[in-house]
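Numbering (my numbering), first residue to last: 9 to 222.
Backbone N, C-alpha and C define an ideal beta-carbon position, used for all residues, glycine too.
First the structure, in the form of structure tokens, and then the observations on it.
In structure tokens:
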């Protein structure tokens, strides 16, 4: 499949949409995806590798093709598809991606997936209220956000639309706005931490080589 190709769909499929920079993809992304597949009874999860995150510094962002390729080496689960199709449709904002998908794949049951760490800033996303009105949303617990995420501005604004965790399996079939918070085992991995670790290791290696040359 081309980097910018849309994964195959069929009417009635329950597909989770997991967007991010994936810079790099890591086991934490797999954990979130498998949690969503199991708890939400999804058929597929798509990793939407974004061309660039408007809320983050893109200075350290690897080229899109490299990030898609790296993510595909990690996402060996056949239920997970990796795509950079947002670049092909010219989308850098979640709302634009969802508008496109709902318009072009109206018979697919999409669910937006996010980590609890993203819920705190969700109200800053472009047209976040419309995102909630377009598709159901699943928030997956992350370390340090179990108690703070439900108090987020967006969570409070849509408190009446929260689906009990015990009913999460029905989320994909519910009319939006509808969202749920999934507790359970959490992964502390983050792309930022992995990049910093790699940078520090490279810096240490250069210093060691420099010392060895003198």
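- Taking C-alpha positions only, residue 140 is separated from residue 37 by approximately 22 Å.
- In the same chain as residue 115, and ignoring 5 residues on each side of it, the C-beta atoms closer than 6 Å to its own belong to 19, in chain order.
- Check the Cα spacing between residue 56 and each of 10, 120, 108, 90: the tightest is with 90.
- One Cα belongs to residue 129, the other to residue 160, and the distance between them is close to 8 Å.
- Relative to the Cα of residue 30, the nearest Cα in the group 60, 148, 10, 103 belongs to 60.
- In this structure, residue 48 keeps its C-beta atom at 8 Å or more from the C-beta atom of residue 147.
- Under the three-state reduction of DSSP output, residue 180 falls in the helix class.
- Residues 165 of the same chain have their beta carbon placed closer than 8 Å to that of residue 137, with the five preceding and five following residues left out of the count.
- Residue 158 sits away from residue 186, with the two beta carbons spaced by 8 Å or more.
- Taking residue 163 as the centre and dropping the five residues before and after it, the same chain places the C-beta of 127, 157 closer than 7 Å to its C-beta, in chain order.
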